[in-house]
Structure formats: C-alpha cells, structure tokens
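Line by line, the protein sequences give chains B and U.
Heads up, the final residue of the first sequence is numbered 84 in UniProt numbering, and it's a clean run with no missing numbers.
Heads up, the final residue of the second sequence is numbered 343 in UniProt numbering, and it's a clean run with no missing numbers.
Note that the Cβ used here is the ideal one computed from N, Cα and C, for glycine as well.
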Amino acid sequence: MKVTVVRSGGFAGIRRRGEADSASDPMLARLVGRVDLGSVPPPGRIPDQFVYDIDIDGRRTTVGEAQLNGPLRELVHHVLGHAE
Amino acid sequence: MRCHIVPPHMLERIARNADDPALRARARRTLALTSAHATERRLAAPAAAPAPSGAAVPNRMIADAGHKERLPGTTARAEGAAATGDTSCDQAYDWLGATFEFYETAYGRNSIDGAGLKMISTVHYGERYDNAFWNGEQMVYGDGDGTIFTDFTGPLDVTGHELTHGVTQYTANLDYSGQSGALNESLSDVFGSLIKQMHLGQTADQADWLIGQGLLAPGVNGVALRSMKEPGTAYDDPQLGKDPQPADMSGYVRTYEDNGGVHINSGIPNRAFYLAAVAIGGHAWEKAGRVWYETLTGGSLASAVDFVGFAAATVQTATRLYGADSAETTAVADAWKGVGVSQ
Chain B
1 MKVTVVRSGG FAGIRRRGEA DSASDPMLAR LVGRVDLGSV PPPGRIPDQF VYDIDIDGRR
61 TTVGEAQLNG PLRELVHHVL GHAE
Chain U
1 MRCHIVPPHM LERIARNADD PALRARARRT LALTSAHATE RRLAAPAAAP APSGAAVPNR
61 MIADAGHKER LPGTTARAEG AAATGDTSCD QAYDWLGATF EFYETAYGRN SIDGAGLKMI
121 STVHYGERYD NAFWNGEQMV YGDGDGTIFT DFTGPLDVTG HELTHGVTQY TANLDYSGQS
181 GALNESLSDV FGSLIKQMHL GQTADQADWL IGQGLLAPGV NGVALRSMKE PGTAYDDPQL
241 GKDPQPADMS GYVRTYEDNG GVHINSGIPN RAFYLAAVAI GGHAWEKAGR VWYETLTGGS
301 LASAVDFVGF AAATVQTATR LYGADSAETT AVADAWKGVG VSQ
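Here it is, written out as structure tokens:
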C-alpha cells in the first residue's frame, strides 16, 4: 500500500511531504496494520501546531499534532523520515 | 516614559518617592522587568502595597519539558526568581517580560487577557523539536534541530507572535482557518514585529520587518521565515524550499493544508500593515499598530472575518482615531489597495 504524509503548519509554515510503499517496507506494513484511520479525532485548530494529512491507498485523514499518538504517530514519523 | 537607560538607583528612588503615582508604578515595573532579584527584594514592601495607579507588573512562569512532549513540565523559573543559567529558560523569561512591557506601554494592556493572566512558557519541548506554538493556555518552544532551525526561544518576535495568539484568543478569537486564520497569523506577525521594534527603538523605516530572523541555522539560504515587507523572499533553500508567501491577492493560495494556508496567505495582510506603517512613519506601534490593536480588541470584529471585512474595520478604526481625511486613514486605505484587497 502506498502511504503519503504531508506535514503543514507550524510557526515556520514549512511543508514536508513523505511517501513510502508497504510492499517494499515491512516496518511500514506492520504499522499500517495497526492504524485505524476511522478512529482519529478531528484536528483541533491550535495556533502554530503541526497538521498532518495522511493518505493510505486513497483513504485520507487529517490529524493535529496534539492528537497524534500510538501507531499513527510511528507511521507519520516513519514516512516523513523518507521526506523528499 | 521608558526607563531602560535610567540607572537602577534612580529608578528605585522614583519607585519610592515620585509625586506622580503612575510614575512610581512604572518605575517599579521597569525594575521588575529589567533588574536583578536583589533589587526587587529591596522593593518588596512598597510593591506589596496596593498599586496606586494600577500600572501592571508581569507574572511569568517558565517550565522545562526535559525533551518530553508533556505540558507544562517542571517549574524552572517563577516570577522574580534569579536567572537559572539555562539559556532557553532565561531567554524565554526575558522575552515574556519585553512582550508584556510592549502591550502595557503601547496600549495599556495588562498581559494576554488584559487582566494580568499568568504568562506560562515551556522550553526544551520534545527532541530537536522544530516549532513553537500557543496551545490555548501557554507558549511552547522546541530547541530546534540545530541543522535547519536554532532554538525557538532565541528571537523576540517568536515569543511576541505566540503570546499574541493568546491576545487574539481573548479578544476577536479569529477562527484559525482560511482568511480569518490568515488574519490571526498576520496579527501575531504584526505585533511580534512591533514588539521587536519597540525593544530596539526602531522607526518603521529602520525596522527589518522580518519574522524569525536568527532562527535559521548557519548554512541555510535565507534571512528569516517571513518578510512582511517583501513576502515570498525570506528564504530559498534546497532543504526548506522557497518562501511560499504571496505579496498580494493575485498570488492568493487556495489549499486545504495548514488550516487553509494560514501561514501562507498571512503574507497579504502582513504587507498591508507594512505599507500603512511606512506611509505613516515614526514608531509603527504608535499609529498603525494602534489602529490594528483597536480593531482586534474593539469587540466588533466577527470571528470569521475575511480580508475585505478586516480591511474595512481598520479603515473605520483609523477614521475614528484620526479622522476620515487624515493622512493615517488614507495610508491604511491605500495599504489595502496596495495588496489588492480593496479597489
């Protein structure tokens, strides 16, 4: 599965985008299996916090930094580690 | 009156003996903001008496997150306590003082909420964390990664920016999304820059109008994170990309990221403020800043206001303060035309 993460916002307002494919990334495959995009709370509008847009094979969600924890947090940091 | 160049022994005498109660209170406040713990202790008795003029003193608290992401962290420095020796902690403390002094001196505002709210900052948040934010109750600062960003407590305008998010929350409470969100961001940049300008004693034509100058690590190709004077020119770097801010409405960016581009489109109202301030001249916080401040805090701004609505509100405020045909009102109206918000 193709996973894309875009980080936007933050005081600096600098965009970061990462992309990875679970077919060639066993660690990502394990993380994807543990993530439930349906259970993510809506992002709070907190000034200058990071906002993450996550796309897993066309399923999308937006997460605020304060709500980013557990396997989703690991997934985001894993994919942004491959940031362009 | 600003007392920075007055020696402490004279301030202490003014604080105790001046005939004018406002002068006494202001001297006490300046001492509290700028001088050593010992001086403050000597003044503890008179300061504890009811303040004769109501002039405000800050109440700061700096906490240390110890590189975790939990708030607020452990108390590192309370109001009036001696410097800790931790650069981030002491810098955050001093910049909260400068920001407090700006709002009190320029607009008679007592802290974030206008009623003496305790100002709380957490430093050393996260590991190599590249950000600073306002979480609705306090300011939070990362150390930066050291490669692209330095410590976020470094530049005064970062503290001014974050604390102003608090002021906005307690006043117009602008929705942090789309155009009202870009205005929320812009107001934080405007007052962040004005706080730095007052601290440096600069007039509008002397100021750099940069946001986050000093935050980019050596080797990064850029002067700051944003330029209010020339949005879109602050950096152009292989790692960071290019500053994406538009300078006028022709470059307005529609996006769902960043709460609808709040850190991008803020360049438009930022430049409008710059144009107004430079056209009016002098210390930018005195006239242009007052127009923006009274517009923000006046109680009639809708939380979902757009650029056109905010522009009209600033022209109304300028008209009320300086008259419809004044140079100030003309400068404000022309500034919004200059960025394509009004015709």
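Output needed for TYR176/U: all residues of its chain with C-beta closer than 6 Å, excluding positions within five of it in sequence on either side, in chain order. Counting from one through the second sequence, the residue named residue 176/U turns up at place 176. Sequence-distant partners of TYR176/U (beyond 5 residues in either direction) whose C-beta falls short of 6 Å from its own C-beta, in its chain, are ASN184, ASN259.
Short of 6 Å in beta carbon distance, which residues of its chain neighbour GLY154/U, apart from the five on each side in sequence? Order them along the chain. Indexing the second sequence from 1 puts residue 154/U at position 154. Excluding residues within five positions, the ones whose Cβ falls inside 6 Å are GLY214.
With 16 other CB atoms within 10 Å as the buried threshold, where does ALA48/U fall? Residue numbering aside, residue 48/U sits at position 48 when the second sequence is read from its first letter. Low confidence applies to ALA48/U: its pLDDT is 42, below 50, so where it sits in the model is not reliable, and the reading given next is rough at best. Counting Cβ neighbours within 10 Å, ALA48/U comes out exposed, since fewer than 16 surround it.
Given a cut-off of 7 Å, decide if ASP243/U and GLY232/U are closer than it, judged by their beta-carbon atoms. For this step, residue 232/U is matched to residue 232 along the second sequence. For this step, residue 243/U is matched to residue 243 along the second sequence. Against a cut-off of 7 Å, the Cβ pair of ASP243/U and GLY232/U comes out as a contact.
Using 8 Å for Cβ pairs, my map puts ALA63/U next to ILE120/U. What's the rounded Cβ distance? Within the second sequence, numbered from 1, the residue matching residue 63/U stands at position 63. Within the second sequence, numbered from 1, the residue matching residue 120/U stands at position 120. ALA63/U to ILE120/U, Cβ: 7 Å. Contact.
If you follow the alpha helix (DSSP H) that PHE102/U is part of, which residue opens it and which one closes it? Position 102 of the second sequence, counted from the start, is the residue given in the question as residue 102/U. Run containing PHE102/U: 87-107, per the alpha helix (DSSP H) assignment.
Using a cut-off of 8 Å between C-beta atoms, extract the partners of ASP258/U located in chain B. As a first step, residue 258/U is located in the second sequence; it is residue number 258 there, counting from the start. Among the residues of chain B, those whose CB is under 8 Å from the CB of ASP258/U are SER8, GLY9, GLY13, ARG15, VAL51, following chain order.
Among ALA272/U, GLY289/U, ASP325/U, nearest to GLY340/U - alpha-carbon criterion: The residue given as residue 340/U occupies position 340 in the second sequence. Checked all of ALA272/U, GLY289/U, ASP325/U; the closest Cα to GLY340/U is ALA272/U.
Quick one: is PHE100/U near chain B, going by C-beta distance under 7 Å? Working through the second sequence from its first residue, we reach residue 100/U at position 100. By this cut-off, PHE100/U is not an interface position.
Leaving aside the five residues before and after SER8/B along the sequence, list all residues of the same chain whose C-beta is less than 6 Å from its C-beta, in chain order. Taking the first residue of the first sequence as 1, we reach residue 8/B at position 8. Here the set comprises ARG15, VAL51.
contact_flag[the stretch 70-81 of chain U, the stretch 64-71 of chain B] where n(CB pairs < 8 Å) is 3 or more: Taking one beta carbon from each stretch, the stretch 70-81 of chain U and the stretch 64-71 of chain B have fewer than 3 pairs nearer than 8 Å; the two do not touch.
With DSSP collapsed to three states, give me the class of TRP336/U. Stepping through the second sequence from its first residue, residue 336/U is reached at position 336. Of the three classes helix, strand and coil, the one that applies to TRP336/U here is helix, per DSSP.
Is TYR176/U close to chain B, meaning its C-beta is less than 7 Å from at least one C-beta of that chain? The residue you call residue 176/U lines up with position 176 of the second sequence. Yes, because at least one Cβ of chain B sits closer than 7 Å to the Cβ of TYR176/U.
Would you grab the beta carbon distance between ILE268/U and PHE307/U for me? Rounded to a whole angstrom, and I think it's under 8 Å. Indexing the second sequence from 1 puts residue 268/U at position 268. Indexing the second sequence from 1 puts residue 307/U at position 307. Taking the Cβ atoms as the reference, ILE268/U lies roughly 7 Å from PHE307/U, within the contact range of under 8 Å.
Going by C-alpha distance, which of ALA92/U, GLU79/U, ALA313/U is nearest GLY142/U? By 1-based counting over the second sequence, the position of residue 142/U is 142. Per the Cα distances, ALA92/U.
Look at the Cβ atom of TRP134/U, then the Cβ atom of HIS165/U, and state whether they are nearer than 7 Å. Stepping through the second sequence from its first residue, residue 134/U is reached at position 134. Stepping through the second sequence from its first residue, residue 165/U is reached at position 165. Between TRP134/U and HIS165/U, the C-beta spacing is below 7 Å.
Where does ALA66/B sit, in a helix, a strand or coil, going by DSSP? Taking the first sequence and counting its residues from 1, one reaches residue 66/B at position 66. In the three-state scheme derived from DSSP, where H, G and I count as helix and E and B as strand, ALA66/B is classed as helix.
Here's a check: name, in chain order, each residue in its chain whose Cβ is nearer than 8 Å to the Cβ of SER300/U, leaving out the five neighbours to either side. Taking the first residue of the second sequence as 1, we reach residue 300/U at position 300. Same-chain partners within the cutoff: ALA313.
TYR235/U versus LEU275/U - alpha carbon distance: Here residue 235/U refers to the residue found at position 235 when the second sequence is read from its first residue. Here residue 275/U refers to the residue found at position 275 when the second sequence is read from its first residue. Taking the Cα positions, TYR235/U is about 21 Å away from LEU275/U.
Ignore the nearest five residues each way along the sequence and tell me which others in ASP145/U's own chain have a CB closer than 7 Å to its CB. Your numbering for residue 145/U matches position 145 in the second sequence. Excluding residues within five positions, the ones whose Cβ falls inside 7 Å are ARG128, ASP130.
Which residues of chain B have a Cβ atom closer than 9 Å to the Cβ of LEU225/U, listed in chain order? Taking the second sequence and counting its residues from 1, the one referred to as residue 225/U is at position 225. Within chain B, the residues near LEU225/U are PHE11, ALA12, GLY13, ILE14.
Can you find a CB in chain B that lies within less than 7 Å of the CB of HIS263/U? In the second sequence, residue 263/U corresponds to position 263, counting from 1. By this cut-off, HIS263/U is an interface position.
Residues of the stretch 130-149 of chain U in Cβ contact with chain B at a cutoff of 8 Å, in chain order, please. Listed by position along the chain: ASP130, ASN131, ALA132, PHE133, TRP134, ASN135, GLY136, PHE149.
If you follow the beta strand (DSSP E) that SER8/B is part of, which residue opens it and which one closes it? The residue you call residue 8/B lines up with position 8 of the first sequence. In this chain, the beta strand (DSSP E) harbouring SER8/B covers 2-9.
ALA29/B (DSSP reduced to helix, strand or coil): Here residue 29/B is taken as the residue at index 29 of the first sequence, counted from 1. Of the three classes helix, strand and coil, the one that applies to ALA29/B here is helix, per DSSP.
LYS287/U: buried (16+ other C-beta within 10 angstroms of its C-beta) or exposed? Translated into positions along the second sequence, residue 287/U becomes position 287. Burial check for LYS287/U: the Cβ neighbour count within 10 Å reaches 16 or more, so the residue is buried.
Counting only the same chain and skipping the five closest in sequence on each side, list residues whose C-beta sits under 6 Å from that of GLU328/U. In the second sequence, residue 328/U corresponds to position 328, counting from 1. Closer than 6 Å at the Cβ level, and outside the excluded window around GLU328/U, lie ILE280, LYS287, ALA318, TYR322.
Can you grab the Cα-Cα spacing for the pair residue 367/U / TRP95/U, in whole Å? Outside the modelled stretch of chain U, which goes from 1 to 343, sits residue 367/U, for which no answer is possible.
Spell out the partners DSSP gives ALA132/U in its beta bridges. Numbered from 1 along the second sequence, position 132 holds the residue referred to as residue 132/U. Residue pairing of ALA132/U in beta bridges, as defined by DSSP: TYR141/U.
If the criterion is Cβ atoms closer than 7 Å, does the pair ASN265/U and MET228/U meet it? Sequence index remark: in the second sequence, residue 265/U carries index 265 (1-based). Sequence index remark: in the second sequence, residue 228/U carries index 228 (1-based). Not in contact: ASN265/U and MET228/U (Cβ atoms no closer than 7 Å).
ARG34/B, DSSP secondary structure in three states: By one-based count along the first sequence, residue 34/B stands at place 34. Three-state DSSP puts ARG34/B in a helix.
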